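Worksheet: the structure to be examined is printed underneath.
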Amino acid sequence: MFTGGKLGELFTATAFAAAIVAAIALFVAEFSRGDSRKSWERMGVTAFFVHAGSIFGIIATLFYLIYSHQYQYHYVWAHSSNELPVYYMISCFWEGQEGSFLLWCFWHSVLGIIMARPGKWRPGVLGTIASIEVILSSMILGVFIPNTVLNVILALPLVVIAGWFGYRLWANKNQVSYFELGGLLFALATLVLLFRGQGGFLDNWNFKESFTAAGLPFTLFLLALAAFIVVSFRQFSNIRNGVGSKPSVLAALTLGGIAVLTALVGSDVLKFGSNPFILLKAAFPTNLAYLENPDFVPTNGTGLNSLLQNYWMVIHPPTLFLGFAATTIPFAYVSTGLLRNDFKGWIKPSLPWMAFSAMILGVGIIMGGYWAYETLNFGGYWNWDPVENGSLVPWLIAVSGLHALLIYQRKKTHLPLAMVLVMSTFLLVLYSTFLTRSGILGETSVHTFTDLGLSGQLLLLVFLYLIGVVALLMFRWPQLPHENKESSFWSVEMMLLMGVLVLLFSGGEILLTTSLPVVNKIFGTNLAPPARIQLFYYQWNVWFAIGFGVFSGVAQFLWWKVGKKKPLSEALFRPFLIAMISGTAVMVALALNGKTFAYDKEFAAWNPLHWADELMLFASLFAFFANADVLISLLRGNKKGLKVMGGTVVHLGFSLMLVGILFSSGYDEVISKNLFPSELGGFADQDKVDNILLPKDLKRPIPGFMLEYTGKKEAKAPISNLQLLETNEAAFKIAFRDSAGDRFGMVLPKETFQKQAENAGEETVQPVSDVHSAGSGEGSIDIKYVEDFLNRNMEFLKPARLNNRILYGVNFASLQDSSKQFELFPEAEINEKEGSIIAHPNRKVFWNRDLYVYVSSVPAPEESEPKYLYHDLALHVGDTAHVGGSILQLTGVSDLSKRPEFEGKFSIVAAARVVAYTETDTFQASPVFLVDEERKPSMVSATIEALHLDFAFVGIDPESGVMRMQVQELTNPTSDYVVVKAISKPFINLLWLGTFILIFGFMIAIYRRVAEARLPSGSNPEKIAPSLESLTE
Amino acid sequence: MKTPTLIILIVVAVFGAVLTINFGKNTSIYSDFGTAKKTGRQIHVVGEWVNRDQSSYNPASDEFTFFLKDTLQQVEQVLYHDPKPMNFEQAQKVVVVGQYEGEQFVADQIVMKCPSKYEETDVRAAEKTGL
């Protein structure tokens, strides 16, 4: 039968093959002229469209399989479930590696279609995209070839090739050809690789061991790969110059193909990618379920990680991947330019793309941060996790590349720098993909993917392009224009250059720290990241932020030529002065509020550089006011100012973001600290108690607020959208939404359904199996009836939130004015089996700060069962006893049997008066002992709620006059409690506001640069970007 | 050499030097309890959570204690001034970052290495756990 999975696999194979054809045809076109170029190009573009169509087909197929719950497929089973709402099904694509590669392929396809418009850059640019697509789509192939068969197949031609190259070398020994030398080296290396025995491609190699038996194959492979790429480029340029031979290019290509194949040889099998359409049975063939029943299909999947069930997680990964994919376009332009010896033409069309990728990548990163802020409980939007750094570093380098392009646009200098940076951006995207997906980060990051056996393939991707870039630059370097005009330090290009350096340093420092596991792997070391990692990153990056503030402020003035009319120092004086005044005001305000002006107090105590904080504040404010100054001048000058203000607006936004980051991260404050921690008994280190225990209904004071845990938020009637998820012999599984729209689910056992209804005091419900229903046969259920039942019994039934998400109500009342209060509902997902929780924060947004709260601990399920201790007391009137933390005294017993309501019915009615003393309070209780006319005893117990004591008067010993009392003590009275952490984050809104301004500025800049790129070549783009002087005059 | 180029070269050189020194000073090592005790340094101890039923969190004092067996099979009690981290039960390996304070190993940070969903091999797991 032709199933969805087979269709998907067909699409996958087509996508891979079409990408190969497209890449080869487009590169051949790139190096051909005339009709031949046209026909090759037509073929390549068509193939690319086939590839793009197939990628869309794969995605549609996979989505259909998830949508129709076809759990016989591993991907569907592992990443979705029956309960998953449709709008989160799209997130299934990025929970698994295969899906996220698909996402990347998707954006490359979309961007490729945009780049497929006819034009002189098309063959090279589209060809480069196609070449990346070859490797990316190979990641989802999932092809296995046993090593032994492969060895034989590959070894034979390799021996022949090696022999041929050896012969050629020997025959032409007067004129040694690098091509033949490389070829020989390569063939030999791949031969070694074929028979190198056990061990993964990456696992056996590190720098120290590069020439031992284990490491040698990999070393040789790397050398050979380098030789191959260098040789290929040489051959390409020879053809261009009309001296190369086509067969030698083909031979080089063949070798490259073999290199790719051999590099992937694992210990036993060659594995190409991981197939998203693999059947569950094929993934776990030996599972017991299949031994019992070969046709077993699970009725439900294991579900999507609840952290991904968030709307930010629906849009954040696609945005980030669009940013990643967009860096390919400038890379494709610059490589094509280098290949064709056109060193300048690529800049104009690249500029808008570079700005676009910087914007989208930046937005993607911030979205990820916002998601983390909203759903994770590490207490912030940025954790310096390797995965986060993996997207931040390419962004920093992309921005530096963008500035290098602008330097060239303006001054026609530093072209090689621009090329290197644009190419590095792309390489870093590949590298960070390798970091996060190869499993190498294992111990330093919590949320990377584990290795799917793709690490070799990923490593190949990185090395292929790294060596390619190095080779290409190496060949063209002597021909590149290296103008290095004399310029003063306070010139626009120097300021931009300093900005580029700041970004590079920041990127370099983060990259190095994040790459420690790779360093360990290569050099065989055992280094761990700095223990106080956040502080370490802060110490470094605070200086880069200062650098940004200074250089961006000054550069904007120079860019718009303000300094020409009057001395630069004079022009900069105004923003400098305003920054100093406002910065000092902020510091004074902080000091008046008793805040230490330092990111980390411990750090500040010993490090003389703690004033970096103050500097960063001043520098960010300076950047803000300088950019604002320039912006005002631009807008005041001329209508054209609107068109060209993009860059200024971006810097304005970024400086606001920096102020927001400085305050929200540097001056955040844990406020969940008990102001009167007497109940701790002095045994805890007060400073370290950052989480506050909130027993139900007891108030606790913290700085600024009185906290009270008001209880779990339960489902509210009336319900809607009742769904019958599943029926078995004993129970129904149902899901519904409550009146607030939250989704709940529960298992209704057929038996207890009836019993619970009785217990609830409702009219007796018939057993469900007897209920007349719309369906037929056993296990049918009358939906309308159940809905009615649930609505009436909601309070009693306490259905579970789906995924066991529970909202805990925490009331915040202002300490100054208790009428000012609000309630927050931090959420915790309870894993009942493990007793562990996944917390999701909740926050209150004030204009000047966020109050951020999350649940850090709740009682374990068994703890929430009440536990009692029973005390049997025999007391005379006046006797005392110790129970729990209080002293009890029986102060008297009164005889109530003569009262009219008891008269004639009871022979004994004795009411005891018990007084309970604690250190501060006195409580009373009156349990009653009764004996009726038929000598049957009974009792009415009495409770002192505050002490969790329940008194039963169980008897009187007539001879001794001893009263027998049973006291039930609740020993875990705090069984319903919640432990929360609350953090105040000042001025975090500036970060979000700055982000919006930044995006807005980028859009204006992109609009302008697109318009410029469309201008006929030769026109001067600076004409539509007049200087401030011409604007103001 | 032109002045601006010189400035850039100096800046780059200073950055490189400071980075190298600072990096060398700050990087920690993956090690064991014995080394932590000997050196008194803040280090990363990789281990396995053992004697699970003897671990506990005291909500009043905000202290979580548990036992960790390091790579040299030494078992030590670890004190952590925060509640039990998320996914602690699922972790195959636990990395604690901290140091000895007297005889007590105090963790400042706990990193869990959790199995991926890909290693989930019980295809009927979803059936058993119900909703």
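So the sequences go chain by chain: A and B. Heads up: the first sequence runs through residues 1 to 1033, numbered per this note's numbering. Heads up: the second sequence runs through residues 10001 to 10131, numbered per this note's numbering. Just so it is clear, CB atoms sit at the ideal spot from N, CA and C, and this is done for glycine as well. Treat the numbers as computed from the prediction; the structure is a model and nothing was measured.
What are the residues of the segment 10039-10068 of chain B that lie near chain A, defined by any Cβ-Cβ distance shorter than 9 Å? For the segment 10039-10068 of chain B, which is checked against every Cβ of chain A, the residues closer than 9 Å are Arg10041, Gln10042, Ile10043, His10044, Val10046, Tyr10057, Asn10058, Pro10059, Ala10060, Ser10061, Asp10062, Glu10063 and Phe10064.
In or out: Gly10040 (chain B) buried (at least 16 other Cβ within 10 Å) or exposed? Gly10040 (chain B) comes out exposed.
Interface partners of Lys10084 (chain B) on chain A, CB under 8 Å: What Lys10084 (chain B) touches in chain A: Ser836 and Ser857.
Is the Cβ of Phe10015 (chain B) closer than 7 Å to any Cβ of chain A? Chain A contact via Cβ: present.
Near Val621 (chain A), which residues of its chain fall below 6 Å by C-beta distance, leaving aside the five closest residues on each side in sequence? It is worth fixing the name first, because residue 621 (chain A) is Leu in this sequence and not Val. Excluding five sequence positions before and after Leu621 (chain A), the CB atoms of its chain that fall closer than 6 Å to its own CB belong to Ala579, Ser582 and Gly583, given in chain order.
Using DSSP with H/G/I as helix, E/B as strand and the rest coil, what is Lys844 (chain A)? Looking at Lys844 (chain A) - three-state DSSP - the assignment turns out to be strand.
7 Å Cβ shell around Ile90 (chain A) - same chain, five flanking residues per side excluded: Excluding residues within five positions, the ones whose Cβ falls inside 7 Å are Val314.
Flag Glu10144 (chain B) as yes if its beta-carbon sits less than 7 Å from any beta-carbon of chain A, otherwise no. The shown model of chain B, from 10001 to 10131, leaves out residue 10144 (chain B), and the question about it has no answer.
Counting along the chain, where does the beta strand (DSSP E) carrying Phe705 (chain A) start and finish? Unbroken beta strand (DSSP E) run through Phe705 (chain A): Phe705 to Lys713.
Counted within 10 angstroms of its Cβ, other Cβ atoms place Arg532 (chain A) as buried (16 or more) or exposed: A residue is called buried when at least 16 other Cβ atoms come within 10 angstroms of its Cβ; Arg532 (chain A) meets this threshold and is buried.
Let me know the secondary structure DSSP gives Thr922 (chain A) once reduced to three states. The answer is strand: DSSP assigns Thr922 (chain A) an E or B state.
May I ask you to list the residues that DSSP assigns as paired with Asn811 (chain A)? Note: Asn811 (chain A) sits in a beta bridge opposite A:Glu708 and A:Glu823.
Just the C-alpha distance for Asp957 (chain A) and Met963 (chain A), rounded to the nearest angstrom, thanks. The straight-line gap from Cα to Cα measures roughly 6 Å.
Suppose the cutoff is 8 Å on Cβ atoms and the five residues either side in sequence are ignored; what does the same chain contact list for Gly761 (chain A) look like? A caution first: Gly761 (chain A) carries a pLDDT of 47, below 50, which makes its placement in the model unreliable, though a value can still be read off. Taking C-beta separations shorter than 8 Å and ignoring five residues to either side along the sequence, Gly761 (chain A) has no partners in its chain.
Indicate the three-state DSSP secondary structure (helix, strand or coil) for Glu758 (chain A) in the structure shown. A caution first: Glu758 (chain A) carries a pLDDT of 49, below 50, which makes its placement in the model too unreliable to give a value.
With 16 other CB atoms within 10 Å as the buried threshold, where does Asn721 (chain A) fall? Burial call: exposed.
Going by the DSSP bridge assignment, what does Met495 (chain A) pair with across the sheet? Its beta-bridge partners do not exist; DSSP assigns none.
Where the segment 10095-10107 of chain B meets chain A: residues whose CB sits under 7 Å from a CB there: For the segment 10095-10107 of chain B, residues whose beta-carbon sits nearer than 7 Å to a beta-carbon of chain A comprise Val10095 and Val10097.
Just the Cα atoms here: how many angstroms apart are Ala142 (chain A) and Gly112 (chain A)? Checking the sequence shown, residue 142 (chain A) turns out to be Gly, not Ala. Between the alpha carbons of Gly142 (chain A) and Gly112 (chain A) lies a gap of roughly 24 Å.
Through-space distance from Gln10042 (chain B) to Leu10019 (chain B), alpha-carbon basis: For Leu10019 (chain B) and Gln10042 (chain B), the distance between alpha carbons rounds to 20 Å.
For Leu415 (chain A), which residues in chain B fall below 9 Å Cβ to Cβ? The premise fails here: Leu415 (chain A) is roughly 16 Å from chain B at the closest Cβ pair, so nothing lies under 9 Å.
Other residues of its chain near Arg848 (chain A): CB distance less than 7 Å, five sequence neighbours each side excluded: For clarity, residue 848 (chain A) is Asn in the given sequence; the question names Arg instead. Non-local C-beta neighbours of Asn848 (chain A) in its own chain, meaning closer than 7 Å and more than five positions away in sequence, comprise Pro986 and Phe987, ordered along the chain.
Range covered by the beta strand (DSSP E) that runs through Arg849 (chain A): First-last of the beta strand (DSSP E) with Arg849 (chain A): Arg849 to Ser857.
Per DSSP, what kind of secondary structure is Lys696 (chain A) in: helix, strand or coil? Secondary structure at Lys696 (chain A): strand, using DSSP grouped into helix, strand and coil.
Please classify Leu824 (chain A): is it buried, with 16 or more other beta-carbons within 10 angstroms of its beta-carbon, or exposed? Classification for Leu824 (chain A): buried.
Within the 7 Å Cβ cut-off, does Leu693 (chain A) reach chain B? It does: the Cβ of Leu693 (chain A) has a partner Cβ on chain B nearer than 7 Å.
If the cut is a Cβ gap below 9 Å, which residues of chain B does Tyr311 (chain A) touch? The contacting residues do not exist; Tyr311 (chain A) stays about 21 Å from chain B at best.
Chain-order list of residues whose beta-carbon lies under 6 Å from that of His772 (chain A) (same chain, five-residue window excluded): In this predicted model, His772 (chain A) has a pLDDT of only 37, less than 50, meaning its place in the structure is not dependable; the value taken from the coordinates is given anyway. Nothing meets the Cβ criterion.
Span of the beta strand (DSSP E), counted from its first residue to its last, around Ser10028 (chain B): Per DSSP, Ser10028 (chain B) belongs to the beta strand (DSSP E) from Ser10028 to Ser10031.
Please classify Glu10047 (chain B) as buried or exposed, where buried requires at least 16 other C-beta atoms within 10 Å of its C-beta. A small correction: the amino acid at residue 10047 (chain B) is Gly; Glu does not occupy that position in the sequence shown. Classification of Gly10047 (chain B): buried, given that the 10 Å Cβ count is 16 or more.
For Ala874 (chain A), which of helix, strand or coil comes out of DSSP? Strand.
Do you know whose CA, among A:Ser984, A:Lys820 and A:Lys120, lies nearest Arg340 (chain A)'s CA? Nearest of A:Ser984, A:Lys820 and A:Lys120 to Arg340 (chain A), Cα basis: A:Lys120.
Reducing DSSP to helix, strand and coil, say where Met794 (chain A) ends up. Here Met794 (chain A) sits in helix by DSSP.
Pro695 (chain A) vs Leu675 (chain A) beta-carbon contact at 7 Å: Not closer than 7 Å, so no.
Could you say which of A:Val915, A:Ile997, A:Leu930 and A:Lys936 lies nearest to Thr967 (chain A) if we only look at CA atoms? Checking the sequence shown, residue 967 (chain A) turns out to be Val, not Thr. Checked all of A:Val915, A:Ile997, A:Leu930 and A:Lys936; the closest Cα to Val967 (chain A) is A:Val915.
Neighbouring residues, chain B, relative to Ala325 (chain A) (Cβ below 9 Å): Those within 9 Å of Ala325 (chain A) in chain B number zero; the least Cβ separation is about 25 Å.
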